[in-house]
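Sequences listed follow chains A and B, in order. Take any residue in the first sequence, note its place counting from 1, add 2, and you have its number in the working numbering. Take any residue in the second sequence, note its place counting from 1, add 2, and you have its number in the working numbering. Every residue, glycine too, gets a C-beta built ideally from N, C-alpha and C. First up is the structure itself, then whatever we jot down about it.
Protein chains: 2
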Amino acid sequence: MEKAPVTDPKSPRSAVSPTLGDVAERAGVSTATVSRCLNTPSLVTEKTRERVFAAVRALGYAPHFGARALAAKRTNTFGAIIPTMENAIFARGLQAFQEELEHHGITLLVASSSYSPELEEQQIRSLVARGADALLLIGHDRTPQSYALLETQRTPYVVAWVYDEHQPRLSIGFDNRKAMQALTDRVLDLGHRSLAMITAERGGNDRARHRYEGVLAAMSARGLDPQGLRVVETPYSISNGAEALGALMQSGPQPTAVLCGNDVLAAGALLGARRLGLDVPKDISITGFDDIEIAEIVTPALTTVHVPHRNMGKGAARLLVALRGGEDPGPSVELEATIKLRESLGPVPGGSPSRPAGPRYRGL
Amino acid sequence: MEKAPVTDPKSPRSAVSPTLGDVAERAGVSTATVSRCLNTPSLVTEKTRERVFAAVRALGYAPHFGARALAAKRTNTFGAIIPTMENAIFARGLQAFQEELEHHGITLLVASSSYSPELEEQQIRSLVARGADALLLIGHDRTPQSYALLETQRTPYVVAWVYDEHQPRLSIGFDNRKAMQALTDRVLDLGHRSLAMITAERGGNDRARHRYEGVLAAMSARGLDPQGLRVVETPYSISNGAEALGALMQSGPQPTAVLCGNDVLAAGALLGARRLGLDVPKDISITGFDDIEIAEIVTPALTTVHVPHRNMGKGAARLLVALRGGEDPGPSVELEATIKLRESLGPVPGGSPSRPAGPRYRGL
DNA sequence: AGCCGTAATGTAAGCGCTTGCATTTTGCAA
DNA sequence: TTGCAAAATGCAAGCGCTTACATTACGGCT
Chain A
3 MEKAPVTDPK SPRSAVSPTL GDVAERAGVS TATVSRCLNT PSLVTEKTRE
53 RVFAAVRALG YAPHFGARAL AAKRTNTFGA IIPTMENAIF ARGLQAFQEE
103 LEHHGITLLV ASSSYSPELE EQQIRSLVAR GADALLLIGH DRTPQSYALL
153 ETQRTPYVVA WVYDEHQPRL SIGFDNRKAM QALTDRVLDL GHRSLAMITA
203 ERGGNDRARH RYEGVLAAMS ARGLDPQGLR VVETPYSISN GAEALGALMQ
253 SGPQPTAVLC GNDVLAAGAL LGARRLGLDV PKDISITGFD DIEIAEIVTP
303 ALTTVHVPHR NMGKGAARLL VALRGGEDPG PSVELEATIK LRESLGPVPG
353 GSPSRPAGPR YRGL
Chain B
3 MEKAPVTDPK SPRSAVSPTL GDVAERAGVS TATVSRCLNT PSLVTEKTRE
53 RVFAAVRALG YAPHFGARAL AAKRTNTFGA IIPTMENAIF ARGLQAFQEE
103 LEHHGITLLV ASSSYSPELE EQQIRSLVAR GADALLLIGH DRTPQSYALL
153 ETQRTPYVVA WVYDEHQPRL SIGFDNRKAM QALTDRVLDL GHRSLAMITA
203 ERGGNDRARH RYEGVLAAMS ARGLDPQGLR VVETPYSISN GAEALGALMQ
253 SGPQPTAVLC GNDVLAAGAL LGARRLGLDV PKDISITGFD DIEIAEIVTP
303 ALTTVHVPHR NMGKGAARLL VALRGGEDPG PSVELEATIK LRESLGPVPG
353 GSPSRPAGPR YRGL
């Protein structure tokens with residue numbers, strides 16, 4: 003009679019990554035015990051625990067996420083879909099979101115939709131399939147299928163970066179329209195009457211749309227004809243902003259102030275102005291929106307709308323955690339966006355302000 | 003004897019998200035057929051396929067990723083761990099990486115390590131557990147455990163953003179040392195002799211370290227004492243860059259040129275110089291590294307090292323796809339980084355260049 | 001010593017999917 | 001019609017994990 007072969011014939015594990023069973027075998031316990039060590043260590047004796055962790059280390063074991071999700075029906079993973087990662091617009095808010103989730107032991111998965119509702123739908127599908135327990139979404143504009151999907155999959159979500167009282171969904175953000183209107187008011191206070199706007203594409207982007215509407219509203223409130231607003235719509239990017247400004251100055255009535263839908267376009271506009279030999283704000287005023295880092299470093303520094311990025315991220319995380327826990331998250335949250343006056347906005351060239359920028363706007 | 007029904011009728015699925023079984027039942031086929039419809043449609047009759055897809059739509063079915071990964075042992079998901087998402091340093095490369103993966107039907111999962119090897123190890127673990135078929139990593143510096151993990155889990159990976167002939171691992175990138183040395187050479191050509199460097203933290207960051215060494219190498223090659231280089235090390239951020247420049251000018255021998263380890267710090271340094279009332283490049287020269295978007299929009303525009311972001315991303319994707327397919331990816335790839343001369347670098351104040359900036363460096 | 005409550009561990013039934021193999025259906029030639 | 005290969009479909013065994021429930025071990029009482 004021959005003795006058994008050196009390597010255990012029934013589990014030639016060496017070829018694949020180790021499983022719970024391998025760890026259990028090596029530690030001389032059952033798989034249940036190993037699982038408990040990993041998930042609820044308090045239920046296991048100190049001694050066993052040590053043996054198990056030693057085996058885990060020795061084998062370089064990492065639990066299979068899929069198997070785990072399948073068995074436990076929870077992933078402790080949240081997802082976030084933002085329109086773009088190419089610039090810092092969402093970075094700070096996302097960072098805060100992630101930090102808050104970390105406190106709850108939740109991992110964040112981030113996807114970007116490139117401002118495309120179709121791509122976003124796909125990303126939602128992907129994240130939900132991956133077992134995201136909850137989702138952070140930007141703005142209300144998306145395909146009906148996206149919402150249907152969220153519904154049938156019963157995935158909690160929150161809409162951020164917008165507060166729109168007309169929308170029924172749970173959201174946390176600020177009133178883009180109101181904020182832009184306030185900024186435009188400031189511009190008008192300084193005597194500007196010939197305005198232009200460089201906006202991001204408004205289709206499928208309620209933030210952009212509301213900001214545009216805010217400008218119109220401010221003009222109307224002063225008895226100005228909103229038709230007088232020259233508008234260029236262009237995708238997010240610095241070079242596009244520069245080109246847009248060029249287009250604006252090349253033909254048609256010259257604006258004395260250009261309101262940009264976001265800081266990226268505004269930075270581009272600044273660049274465009276410089277290329278044209280225009281002095282900002284002496285020859286032309288330019289404003290942004292978002293108050294991301296570049297707003298401070300460009301020359302001249304951008305007058306813009308400061309968005310409560312961090313509060314939004316943190317608040318969104320809290321809402322979602324509550325939602326997942328089956329708690330009542332409470333109503334949607336409106337945060338304040340404030341105007342940040344810097345150097346790129348000045349009085350209208352050669353004119354005197356129609357009325358002084360009074361204390362009325364202080365603290366906005 | 004009763005016959006066993008194909009699908010168990012007793013489970014009222016309505017309360018949870020639909021499964022393959024629900025779709026099968028509704029379409030009147032087996033789960034196997036539904037699975038084939040989703041994965042290998044060619045194996046299924048046109049007619050059945052239609053019925054199945056109708057059921058999928060009606061139910062809002064989305065396959066459970068975990069279950070799928072468990073059964074198929076492939077996820078068609080790659081992971082990337084980058085040090086930071088807070089600025090655009092990796093954005094362009096990552097974008098190209100993703101685009102290339104898309105062509106192969108692969109989804110990208112991105113995580114950020116905040117420049118912490120420990121956090122990175124955790125992220126690797128998480129991504130591997132999630133079933134990432136392959137991983138993109140930045141630089142060679144990481145914990146031994148990270149490499150061990152990759153090994154035992156047999157997860158293919160590629161190291162990007164660096165080319166270091168001394169490292170055995172598959173990588174695609176450029177020689178940070180050589181590039182920085184070339185840039186420093188340019189600076190020295192312009193007569194600068196009193197140099198300073200603002201570098202990112204060099205621990206666990208071989209890119210930063212190599213760039214630093216590049217400066218030293220250039221100095222040594224000219225017979226200058228490397229000890230003469232003043233160094234400030236600070237975490238990535240514009241404000242840190244500004245502060246670092248302030249610290250540099252406040253005490254000690256005043257540098258006439260400040261080499262920054264990256265564009266973010268350089269943008270900060272520019273800001274710091276402006277605050278001090280210094281004119282760049284007349285009073286002081288400042289250079290960056292990476293050539294990200296802000297390099298072009300700051301005033302003055304940054305002289306920097308242009309990094310082949312997109313080629314790196316695309317190339318990395320190709321290497322990984324080959325690797326996963328069991329093919330030979332070939333050797334590591336060295337790409338060229340080129341010097342981008344803009345406005346922030348000028349001749350040493352009040353001095354004449356020790357030698358002219360000759361054609362010797364053209365095209366670098 | 002015998003009993004019992006509690007803590008620790010084991011057993012085994014799935015979770016939703018893929019896939020090798022078995023079975024049925026189809027299309028076509030004889 | 002019949003026969004047969006190929007195409008289409010079904011069956012059922014897992015994939016690696018969690019967890020309800022069953023079992024065993026351990027002390028502290030009487």
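Inset, instruction - For residue 10 of chain A, count neighbouring Cβ atoms within 10 angstroms of its own Cβ and tell me buried if that reaches 16, exposed if not. - result: Walking along the first sequence from the start, residue 10 of chain A turns up at place 8. Its pLDDT being 36, under 50, residue 10 of chain A is placed unreliably by the model, and nothing is read from it.
Legend entry - Separation of residue 82 of chain B from residue 118 of chain A, as counted between CA atoms: By one-based count along the first sequence, residue 118 of chain A stands at place 116. By one-based count along the second sequence, residue 82 of chain B stands at place 80. Between residue 118 of chain A and residue 82 of chain B, the alpha-carbon positions lie close to 23 Å from each other.
Inset, instruction - Quick one: list the residues of chain A neighbouring residue 71 of chain B, beta-carbon separation under 7 Å, in chain order. - result: Counted from its first residue, the second sequence places residue 71 of chain B at position 69. The contacting residues are 68.
Inset, instruction - Using a cut-off of 7 Å between C-beta atoms, extract the partners of residue 352 of chain B located in chain A. - result: For the purposes of this step, residue 352 of chain B is taken as the residue at position 350 of the second sequence. Against chain A, the beta carbon of residue 352 of chain B has no neighbour under 7 Å; the closest one sits roughly 25 Å away.
Inset, instruction - Buried or exposed for residue 242 of chain B, please, with buried defined as at least 16 other CB atoms from any protein chain shown within 10 angstroms of its CB. - result: Position 240 of the second sequence, counted from the start, is the residue given in the question as residue 242 of chain B. So residue 242 of chain B ends up on the buried side.
Inset, instruction - Return no unless some Cβ of chain A is closer than 8 Å to the Cβ of residue 319 of chain B. - result: Counting from one through the second sequence, the residue named residue 319 of chain B turns up at place 317. Chain A, which has no Cβ nearer than 8 Å to the Cβ of residue 319 of chain B, makes this no.
Inset, instruction - Determine the DSSP secondary structure at residue 75 of chain A, reduced to helix, strand or coil. - result: In the first sequence, residue 75 of chain A corresponds to position 73, counting from 1. Three-state DSSP puts residue 75 of chain A in coil, outside helix and strand.
Inset, instruction - Please determine if the stretch 209-223 of chain A and the stretch 182-189 of chain A are in contact, where contact requires at least 3 C-beta pairs separated by less than 8 Å. - result: Yes, the stretch 209-223 of chain A is in contact with the stretch 182-189 of chain A.
Legend entry - Contact set for residue 53 of chain A: own chain, Cβ-Cβ below 6 Å, skip 5 residues either direction: Taking the first residue of the first sequence as position 1, residue 53 of chain A is located at position 51. These residues qualify, in order along the chain: 29.
Inset, instruction - Please classify residue 356 of chain B: does DSSP put it in a helix, a strand, or coil? - result: Sequence index remark: in the second sequence, residue 356 of chain B carries index 354 (1-based). Here the model assigns residue 356 of chain B a pLDDT of 46, short of 50, so the residue's position is not dependable and the matter cannot be decided.
Legend entry - Exposure label - residue 305 of chain B; buried when at least 16 CB within 10 Å: Looking up residue 305 of chain B in the second sequence gives position 303. The residue in question, residue 305 of chain B, is buried, as its Cβ has 16 or more Cβ neighbours within 10 Å.
Inset, instruction - Determine, using beta carbons only, whether residue 301 of chain A comes closer than 8 Å to chain B. - result: Along the first sequence, read from residue 1 onward, the residue named residue 301 of chain A stands at position 299. By this cut-off, residue 301 of chain A is an interface position.
Inset, instruction - Determine the extent of the beta strand (DSSP E) in which residue 287 of chain B is found, giving its start and end residues. - result: Mapped onto the second sequence, residue 287 of chain B falls at position 285. Here the beta strand (DSSP E) through residue 287 of chain B covers 287-289.
Inset, instruction - Note down, in chain order, all residues in the stretch 98-116 of chain A with a beta-carbon under 8 Å from any beta-carbon belonging to chain B. - result: Across the stretch 98-116 of chain A, CB contacts with chain B closer than 8 Å involve 109, 111, 112, in sequence order along the chain.
Legend entry - Cα-Cα separation, residue 252 of chain A to residue 296 of chain B: Within the first sequence, residue 252 of chain A is the residue found at index 250, counting from 1. Within the second sequence, residue 296 of chain B is the residue found at index 294, counting from 1. Going from the Cα of residue 252 of chain A to the Cα of residue 296 of chain B covers about 25 Å.
Inset, instruction - Measure the C-alpha to C-alpha separation of residue 351 of chain B and residue 282 of chain B and round it to an integer number of angstroms. - result: Within the second sequence, residue 351 of chain B is the residue found at index 349, counting from 1. Within the second sequence, residue 282 of chain B is the residue found at index 280, counting from 1. If I take the Cα positions, the gap works out to 11 Å.
Inset, instruction - Write down the C-beta distance between residue 288 of chain B and residue 260 of chain B rounded to the nearest angstrom, noting that I regard them as a contact closer than 8 Å. - result: In the second sequence, the residue the question calls residue 288 of chain B occupies position 286. In the second sequence, the residue the question calls residue 260 of chain B occupies position 258. With a Cβ gap of about 5 Å, residue 288 of chain B and residue 260 of chain B count as contacting.
Legend entry - Option in B:210, B:175, B:185 with minimal Cα separation from residue 267 of chain B: In the second sequence, the residue the question calls residue 267 of chain B occupies position 265. For the options B:210, B:175, B:185, the alpha carbon positioned closest to that of residue 267 of chain B is the one of B:210.
Legend entry - Cβ-based burial, residue 245 of chain A [other Cβ within 10 Å; buried from 16]: Indexing the first sequence from 1 puts residue 245 of chain A at position 243. Here residue 245 of chain A is buried: its Cβ has 16 or more other Cβ atoms, across all protein chains shown, within 10 Å.
Legend entry - Whole-angstrom distance between residue 174 of chain B and residue 27 of chain A, CA atom to CA atom: Taking the first residue of the first sequence as position 1, residue 27 of chain A is located at position 25. Taking the first residue of the second sequence as position 1, residue 174 of chain B is located at position 172. Residue 27 of chain A and residue 174 of chain B: Cα-Cα distance of roughly 41 Å.
Legend entry - 7 Å Cβ shell around residue 157 of chain A - same chain, five flanking residues per side excluded: Here the question's residue 157 of chain A lines up with position 155 in the first sequence. Excluding residues within five positions, the ones whose Cβ falls inside 7 Å are 130, 134, 136, 137.
Inset, instruction - Measure the CB-CB distance between residue 240 of chain B and residue 294 of chain A and report whether it falls below 8 Å. - result: Here the question's residue 240 of chain B lines up with position 238 in the second sequence. Here the question's residue 294 of chain A lines up with position 292 in the first sequence. It is not a contact, given that the beta carbons lie outside the stated cut-off.
Inset, instruction - Take residue 147 of chain A and list the residues in its own chain whose beta-carbon comes closer than 7 Å to its own, dropping the five residues that flank it on each side. - result: Taking the first residue of the first sequence as position 1, residue 147 of chain A is located at position 145. The answer, listed in chain order, is 123.
Inset, instruction - Tell me, please, whether the stretch 98-109 of chain B touches the stretch 74-88 of chain B by the rule of three or more beta-carbon pairs shorter than 8 Å. - result: Put simply, the stretch 98-109 of chain B touches the stretch 74-88 of chain B. At least three CB pairs are less than 8 Å apart.
Legend entry - Endpoints, alpha helix (DSSP H) assigned at residue 153 of chain A: Residue 153 of chain A sits at position 151 when you count from the first residue of the first sequence. Here the alpha helix (DSSP H) through residue 153 of chain A covers 146-154.
Legend entry - Residue from B:142, B:222, B:280, B:303 with nearest C-alpha to residue 291 of chain B: The residue labelled residue 291 of chain B in the question sits at position 289 within the second sequence. Of the candidates B:142, B:222, B:280, B:303, the residue whose Cα lies closest to the Cα of residue 291 of chain B is B:303.
Legend entry - Simplified DSSP state of residue 87 of chain A, which is helix, strand or coil: What you label residue 87 of chain A is simply residue 85 of the first sequence in a count that begins at 1. Residue 87 of chain A carries a coil assignment under DSSP once its states are collapsed to helix, strand and coil.
Inset, instruction - Can you give me the Cβ contacts of residue 71 of chain A inside the same chain, cut-off strictly under 7 Å, excluding the 5 residues immediately before and after it? - result: On the first sequence, position 69 is the one that residue 71 of chain A refers to. Result list for residue 71 of chain A: 77, 133, in chain order.
Inset, instruction - Taking C-beta pairs closer than 7 Å, name the residues in chain A that residue 130 of chain B reaches, listed in chain order. - result: Within the second sequence, residue 130 of chain B is the residue found at index 128, counting from 1. Under the 7 Å cutoff, chain A gives 64.
Legend entry - Cross-chain neighbours of residue 133 of chain B in chain A, by beta carbon under 8 Å: Stepping through the second sequence from its first residue, residue 133 of chain B is reached at position 131. Within chain A, the residues near residue 133 of chain B are 66, 67, 68.
Inset, instruction - Indicate the three-state DSSP secondary structure (helix, strand or coil) for residue 40 of chain A in the structure shown. - result: Position 38 of the first sequence holds residue 40 of chain A. The answer is helix: DSSP assigns residue 40 of chain A an H, G or I state.
Legend entry - Which of helix, strand or coil DSSP assigns to residue 328 of chain A: If you number the first sequence from 1, residue 328 of chain A lands on position 326. Coil.
Legend entry - As assigned by DSSP and simplified to three states, the class of residue 282 of chain A: Position 280 of the first sequence, counted from the first residue, corresponds to residue 282 of chain A. Note: residue 282 of chain A maps to coil in three-state DSSP.
Legend entry - Beta-carbon spacing of residue 257 of chain B, residue 343 of chain B below 8 Å: Position 255 of the second sequence, counting from 1, holds the residue named residue 257 of chain B. Position 341 of the second sequence, counting from 1, holds the residue named residue 343 of chain B. Using a Cβ distance threshold of 8 Å, residue 257 of chain B and residue 343 of chain B do not count as a contacting pair.
Inset, instruction - Evaluate the contact criterion for the stretch 35-46 of chain A versus the stretch 42-58 of chain B: three or more CB pairs, one atom per stretch, below 8 Å. - result: With the cut-off at 8 Å, the stretch 35-46 of chain A and the stretch 42-58 of chain B do not touch.
Inset, instruction - Identify the contact partners of residue 312 of chain B in chain A, using a Cβ-Cβ distance below 9 Å as the criterion. - result: As a first step, residue 312 of chain B must be located in the second sequence, where it is residue number 310. Going along chain A, no residue has its Cβ under 9 Å from residue 312 of chain B, so there is no contact; the nearest lies around 13 Å.
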